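*Asks:*
Below, the structure is given as structure tokens:
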């Protein structure tokens, strides 16, 4: 059973557009929701993370929206740039130890 | 750079062989987690080591085993390699504490089983 479901699988936007990636989770015990960015041949890099006590978090051009009742969260990338072209993963964990359940990933292509 | 280093970066092994992958955690981090990332998939949790003890395991068979050393570096061992073990193996280091569960990944080891 997949604990975290991610969509869409791939996304193409023009430079300056706002791609939105969605994730849904099952386990209400999850209390930490990070987003990771991965370039080909590299390990995932932490972008931004949120806890369920807030509904939104912004860091630079990246925003997480969190809906606790719907068990959903999403990543918005403002003013997207070609350098943002990468695969994005949402994840979830519970407690102090970060044993992550990852989504299946979204491959983002930002066209110039 | 995350300060988490993995070696080797690439490896080719034959089915049935054994392999050892290594991970040096970020300075000050006492926890290392290992993940398997198949092509086009999200990482899957293999196991975690905290202060040299296994601290949780995912749905992987016993032929996947690990070790953590006093300096908190870690090894992942896989015995009796199968073709499906071909993947990117990632380690993540962290220092779990209340309110902070950030984890930082290494660049991974690409294992190919032929």
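Protein chains in written order, with our numbering: chain A, 1073 to 1184; chain B, 817 to 930.
We put the beta carbon where it would ideally sit given N, CA and C, even for glycine.
Quick caveat: nothing in here was measured; it's all calculated off a predicted structure.
1. I want to know whether the region 1135 to 1150 of chain A touches the region 822 to 830 of chain B - three or more CB-CB distances under 8 Å.
2. Residue 900(B) and residue 894(B) - do their beta-carbons sit closer together than 7 Å?
3. If the cut is a Cβ gap below 9 Å, which residues of chain B does residue 1169(A) touch?
4. Applying the 10 Å Cβ sphere with the 16-neighbour rule, what's the burial state of residue 826(B)?
5. Return no unless some Cβ of chain A is closer than 7 Å to the Cβ of residue 859(B).
6. Below 8 Å, can you find three or more Cβ-Cβ pairs linking the region 1158 to 1169 of chain A to the region 833 to 840 of chain B?
7. Find the residues of chain A that neighbour residue 906(B), judging by a C-beta separation of less than 9 Å, and give them in chain order.
8. Ignore the nearest five residues each way along the sequence and tell me which others in residue 912(B)'s own chain have a CB closer than 7 Å to its CB.
9. Do residue 922(B) and residue 821(B) come within 7 Å of each other at the CB atom, strictly closer than that value?
10. Counting only beta-carbon separations shorter than 7 Å, does residue 1160(A) have a partner in chain B?
11. Going by DSSP, which residues form a beta bridge with residue 1117(A)?
12. If I'm right that residue 881(B) touches residue 864(B) with Cβ under 8 Å, what's the distance once you round it to whole angstroms?
13. Which residues in the same chain as residue 868(B) place their Cβ atom closer than 6 Å to its Cβ, once the five residues preceding and following it in sequence are excluded?
14. Within 10 Å of its beta-carbon, does residue 1113(A) have 16 or more other beta-carbons around it, so buried, or fewer, so exposed?
15. Helix, strand or coil for residue 899(B), going by three-state DSSP, please let me know.
16. Please confirm whether residue 921(B) has its beta-carbon closer than 7 Å to some beta-carbon of chain A.
17. Tell me which residues share the same chain as residue 1118(A) and place their Cβ nearer than 7 Å to its Cβ, disregarding the 5 neighbours each side in the sequence.
18. Cβ of residue 1157(A) less than 7 Å from any chain B Cβ?
19. Show which residues of chain A have a CB atom less than 9 Å away from the CB atom of residue 882(B).
20. Give me the Cα-Cα distance between residue 872(B) and residue 862(B), rounded to the nearest whole angstrom.
21. Hey, does residue 1174(A) have any beta-carbon neighbour from chain B nearer than 7 Å?
22. Please classify residue 924(B): does DSSP put it in a helix, a strand, or coil?
*Replies:* Concretely, from the data shown:
1. Result no; under three Cβ-Cβ pairs closer than 8 Å.
2. Going by C-beta atoms, residue 894(B) is not nearer than 7 Å to residue 900(B).
3. In chain order: 847, 849, 864, 866, 871, 872, 910, 912, 917.
4. Note on residue 826(B): under 16 other CB atoms within 10 angstroms of its CB, so exposed under the neighbour-count rule.
5. Judged by the 7 Å Cβ criterion, residue 859(B) is in contact with chain A.
6. Between the region 1158 to 1169 of chain A and the region 833 to 840 of chain B, the count of Cβ pairs shorter than 8 Å is below three; the stretches do not touch.
7. Here the neighbours are 1115, 1116.
8. For residue 912(B), the CB contacts under 7 Å within the same chain, skipping 5 residues up- and downstream, are 847 in chain order.
9. Result yes, Cβ atoms of residue 821(B) and residue 922(B) sit closer than 7 Å.
10. When Cβ-Cβ separations below 7 Å define contact, residue 1160(A) makes no contact with chain B.
11. The partner list for residue 1117(A) (beta bridge, DSSP) reads 1109(A).
12. Contact doesn't hold; Cβ gap of about 13 Å is too wide.
13. Cβ neighbours of residue 868(B) within its own chain (closer than 6 Å, five residues either side excluded): 884.
14. With fewer than 16 Cβ atoms within 10 Å of its Cβ, residue 1113(A) is classed as exposed.
15. Note: residue 899(B) maps to helix in three-state DSSP.
16. Closer than 7 Å: yes.
17. The residues 1106, 1108, in chain order, have a CB closer than 7 Å to that of residue 1118(A) in the same chain once the five nearest residues on each side in sequence are set aside.
18. Judged by the 7 Å Cβ criterion, residue 1157(A) is not in contact with chain B.
19. Neighbours of residue 882(B) on chain A: none; closest Cβ ~14 Å, over 9 Å.
20. The straight-line gap from Cα to Cα measures roughly 9 Å.
21. It does: the Cβ of residue 1174(A) has a partner Cβ on chain B nearer than 7 Å.
22. Reduced to three states, the DSSP call for residue 924(B) is coil.
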